[in-house]
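Take 1 as the starting number for the sequence shown in the working numbering and just add one per residue. Shown next, in structure tokens, is the structure this report addresses.
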Amino acid sequence: MALLIDSSLNLNGGIVAEQSYLRLEYSVNRFGGNIQTQAFAYLNRNEYLIDKEAIEMQKGLNFIKIKDFVPYQTSDYNKEIDGEDVIGIVHNNMKTYLTTDLTMQVKVLDPSTGQPKYETVIVREKFATPDHVFIVDISLG
Numbered sequence: 001m002a003l004l005i006d007s008s009l010n011l012n013g014g015i016v017a018e019q020s021y022l023r024l025e026y027s028v029n030r031f032g033g034n035i036q037t038q039a040f041a042y043l044n045r046n047e048y049l050i051d052k053e054a055i056e057m058q059k060g061l062n063f064i065k066i067k068d069f070v071p072y073q074t075s076d077y078n079k080e081i082d083g084e085d086v087i088g089i090v091h092n093n094m095k096t097y098l099t100t101d102l103t104m105q106v107k108v109l110d111p112s113t114g115q116p117k118y119e120t121v122i123v124r125e126k127f128a129t130p131d132h133v134f135i136v137d138i139s140l141g
């Protein structure tokens, strides 16, 4: 399974990639309750295919590291409610992560009243807008 991010991304080391291919692997907790997803980022699908062959031959890896990207995600899952299509859940959860700013509430003083108030600040900007993240491969291999 994979997503294509058609947006500029900052990689570790200061390099900018104009597009990235995220290969997703997942596992479902055998007792239910959650799905763990791991994302491997590549510059494109061809780099993944080269890497796949290298892994099978126990050689090096071609994946890239996107700045501030957390490749491990855990999401709630209830087979009775969510159904058995975990692939759709995995894709949707990763797309939501990629296209949502990470925010937090910060307590500040209102300069006009001196009273405390809370403001929302962006801790990590989204990696792309929803119209720039696409499902490109459904296959597991």
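Cβ atoms here follow ideal geometry from the backbone N, Cα and C, with glycine treated the same way.
Within the continuous alpha helix (DSSP H) that includes residue i, where are the two ends?
| i | result |
| --- | --- |
| Lys79 | 79 to 82 |
Give me the residue from the options with the minimum Cα distance to residue i.
| i | options | result |
| --- | --- | --- |
| Ala39 | Tyr77, Tyr97, Asp76 | Tyr97 |
| Pro130 | Thr99, Gly13, Asp76, Asn44 | Thr99 |
| Arg45 | Asp76, Val90, Gly114, Asn62 | Asn62 |
Please check the pair residue i and residue j, which I expect to be a contact at CB under 8 Å, by giving their CB distance rounded to whole angstroms.
| i | j | result |
| --- | --- | --- |
| Leu9 | Ala2 | Contact doesn't hold; Cβ gap of about 15 Å is too wide. |
| Ala41 | Ile64 | 5 Å |
| His132 | Ile35 | The pair is not a contact, with the Cβ atoms about 24 Å apart (cut-off 8 Å). |
On the DSSP letters alone, give me the boundaries of the beta strand (DSSP E) that residue i sits inside.
| i | result |
| --- | --- |
| Thr96 | No beta strand (DSSP E) holds Thr96; the alpha helix (DSSP H) holding it covers 86 to 98. |
| Val121 | 116 to 124 |
| Phe40 | 33 to 42 |
| Gln19 | No beta strand (DSSP E) contains Gln19, which DSSP labels as neither H nor E. |
| Val70 | No beta strand (DSSP E) holds Val70; DSSP gives it neither H nor E. |
| Leu102 | 102 to 109 |
Using the DSSP secondary-structure output, state which residues sit across from residue i in a beta bridge.
| i | result |
| --- | --- |
| Phe134 | Leu4 |
| Gly27 | In the sequence as displayed, the identity of residue 27 is Ser instead of Gly. Beta-bridge pairing links Ser27 to Gln36. |
| Asp76 | Asn34 |
| Leu11 | Ile66 |
Output needed for residue i: all residues of its chain with C-beta closer than 6 Å, excluding positions within five of it in sequence on either side, in chain order.
| i | result |
| --- | --- |
| Lys52 | none |
| Leu102 | Val123, Arg124 |
Tell me which residues share the same chain as residue i and place their Cβ nearer than 8 Å to its Cβ, disregarding the 5 neighbours each side in the sequence.
| i | result |
| --- | --- |
| Thr37 | Leu24, Glu25, Tyr26, Tyr72, Gln73, Thr74, Ser75, Val90, Asn93, Met94 |
| Ile138 | Met1, Ile87 |
Leaving out the 5 sequence neighbours to the left and right, which residues in its chain are closer than 7 Å to residue i when beta-carbon positions are compared?
| i | result |
| --- | --- |
| Tyr48 | Tyr21, Arg23, Tyr42 |
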